[in-house]
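Its first residue numbered 6, the sequence shown is counted upward by one per residue in the working numbering. Below is one structure; the comments refer to it alone.
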Amino acid sequence: MNTSIKIAQPRIPANLSASHFDEIDHESYYTNCQFKDCTLSSKQLENVCFQHVSFINVTFEHCQFTRFECLDVTFEGCNISNNEWIGAIFHRTTFKDTKFLGTNFAESSIVDAQFDHCIGNYSSFNYASMKQVRFQDCSLLESEFFEVTWKKLDFVRCQLNQLSIMQTNLNGLNFSDSEFENLSVSIDLVKGCKLNAGQALVIANMLGIQIV
C-alpha cells in the first residue's frame, strides 16, 4: 500500500437541503444539497454540475452525461451501473459501498478521489487522467484502464482478475496486496511495478519465462 498518498476529502457542509431530480435538465447546477433514496433513469444530459452534494442510496440507470462535473461530492450505497459518463470531472469525490458495473468513465479527469468497498466489474476508465486516486477493497474484474495517465494511483486489497491496463505506464504502481490470476499489461511498460511472488510468476509467464 502506498501510504504516502494523501487524498483531499470532499468539502461537504454540515447542513444540506433535500433535493430531487424532478427538474433536472441540461446545464443544471446543484449545490449544498442531498439526494437520498431516489432514481434517475434514461437521461441524456449535458453540462450538469454537482458541487457540495451528498448522494445516499441513489440509483442512476442508463444515463448518458456529457461534460458532467462532481466537485466535493460523496456517493454512499449508490448504484451507478451501466451509465455513460465519458469525459466527466470528479474532484474531491468519494464512492463508498457503491456499484458502478459496466459504467464508462473514459476520458474522465479524476483528482483526489477514493473508491471504497465498491463493485466496478466491467467498468471502463480508458484514456482517463487520475491524480491522487485510491481504489480500496474494490472489485474491478474485467475492467479496462487503457492508456491511463496517472500520478499517485493506489490499488489496496482489490480484486483485479482479467483487468486490462494496456498502454499504461506501471512504474511505481503497487499491486502487491491485491489479487489477480491474469492481468493484461503492455510488456514494455511493466518495469517498476510492485508485485508479490505469485503475481510476479503471472507476469513471468506472460513474458515466456519458465521458473523451475
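Just so you know, even glycine gets a beta-carbon here, dropped at the ideal spot from N, CA and C. Since the model is a prediction, treat every value here as computed from it, not as a measurement.
Exercise. Going by DSSP, which residues form a beta bridge with V53?
Worked result: In the DSSP output, where bridge partners are listed per residue, V53 has none listed.
For this session: Would you give the residue range spanned by the beta strand (DSSP E) that I208 belongs to?
Result: Per DSSP, I208 belongs to no beta strand (DSSP E); it is in the alpha helix (DSSP H), 202-211.
Exercise. Where does M6 sit, in a helix, a strand or coil, going by DSSP?
Worked result: For M6, the pLDDT reaches just 49, beneath the cut-off of 50, and the residue's location in the model is therefore unreliable, although a value from the coordinates is still provided. Note: M6 maps to coil in three-state DSSP.
For this session: Classify T44 as buried or exposed, calling it buried when 16 or more other Cβ atoms lie within 10 Å of its own Cβ.
Result: exposed
Exercise. If we ignore side chains and look at the alpha-carbon of each, how far apart do R16 and G125 end up?
Worked result: 25 angstroms
Problem set entry | L200 versus L178 - alpha carbon distance | 9 angstroms
Problem set entry | 3 or more residues per run - each beta strand (DSSP E) lying fully within the segment 8-93 | 34-41, 44-46, 49-51, 54-61, 64-66, 69-71, 74-81
Problem set entry | Per-residue burial, R162 [other beta carbons within 10 Å of its own, 16 or more giving buried] | exposed
Exercise. Out of curiosity, what's the CA-to-CA distance linking S113 and C143?
Worked result: 19 angstroms
Exercise. By how many angstroms is the C-alpha of L175 removed from the C-alpha of M211?
Worked result: 16 angstroms
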